[in-house]
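Using full-length UniProt numbering, the letters of the sequence shown correspond one by one to residues 1 to 82.
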Amino acid sequence: MLEFIKPVKPTQNAFIVRFNRIYRTEILDFYLFRTLHEVREITECWLNEYNSERPHKSLNNLTPEEYRLMAEKPEISKSAWN
Numbered sequence: 001m002l003e004f005i006k007p008v009k010p011t012q013n014a015f016i017v018r019f020n021r022i023y024r025t026e027i028l029d030f031y032l033f034r035t036l037h038e039v040r041e042i043t044e045c046w047l048n049e050y051n052s053e054r055p056h057k058s059l060n061n062l063t064p065e066e067y068r069l070m071a072e073k074p075e076i077s078k079s080a081w082n
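Here's what the structure looks like:
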């Protein structure tokens, strides 16, 4: 059985609702598209920026790339075992 998110129910899936709101305000409301190809092209550029160059609140306002690099850094041990 498939379950669907009810309209205007962000408590059911806040991440998708937030993404849809951002996409709507930054892309769909901003551009007047003439072709489906144009929609796809602009969306692809926007997604690349959104997923790699844009700071995210959930990552302490770091870009995903900055967060990845920070997470890969080896931590310096402060224990007496050095």
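A virtual CB, placed ideally from N, CA and C, is assigned to each residue, including glycine. Note that this is a predicted model, so its numbers are computed, not measured.
With DSSP as the reference, please indicate the residues paired to residue 56 in a beta bridge. Looking up residue 56 in the sequence shown gives position 56. DSSP lists 62 as partners of residue 56.
Nearest-angstrom beta carbon gap, residue 22 and residue 43 [assumed within contact, 8 Å]: Counting from 1 along the sequence shown, the entry for residue 43 is found at position 43. Counting from 1 along the sequence shown, the entry for residue 22 is found at position 22. The pair is not a contact, with the Cβ atoms about 12 Å apart (cut-off 8 Å).
Is the closest heavy atom of the ligand GDP to the C-beta of residue 28 under 6 Å? Absence of the ligand GDP is noted for the structure shown, with no ligands found whatsoever.
Quick check on residue 36: does DSSP put it in helix, strand or coil? By one-based count along the sequence shown, residue 36 stands at place 36. Here residue 36 sits in helix by DSSP.
Tell me where the alpha helix (DSSP H) around residue 15 begins and ends. What you label residue 15 is simply residue 15 of the sequence shown in a count that begins at 1. Element bounds for residue 15: 14–23.
Determine, using beta carbons only, whether residue 67 and residue 59 come nearer to each other than 7 Å. For the purposes of this step, residue 67 is taken as the residue at position 67 of the sequence shown. For the purposes of this step, residue 59 is taken as the residue at position 59 of the sequence shown. The answer is yes: Cβ separation under 7 Å.
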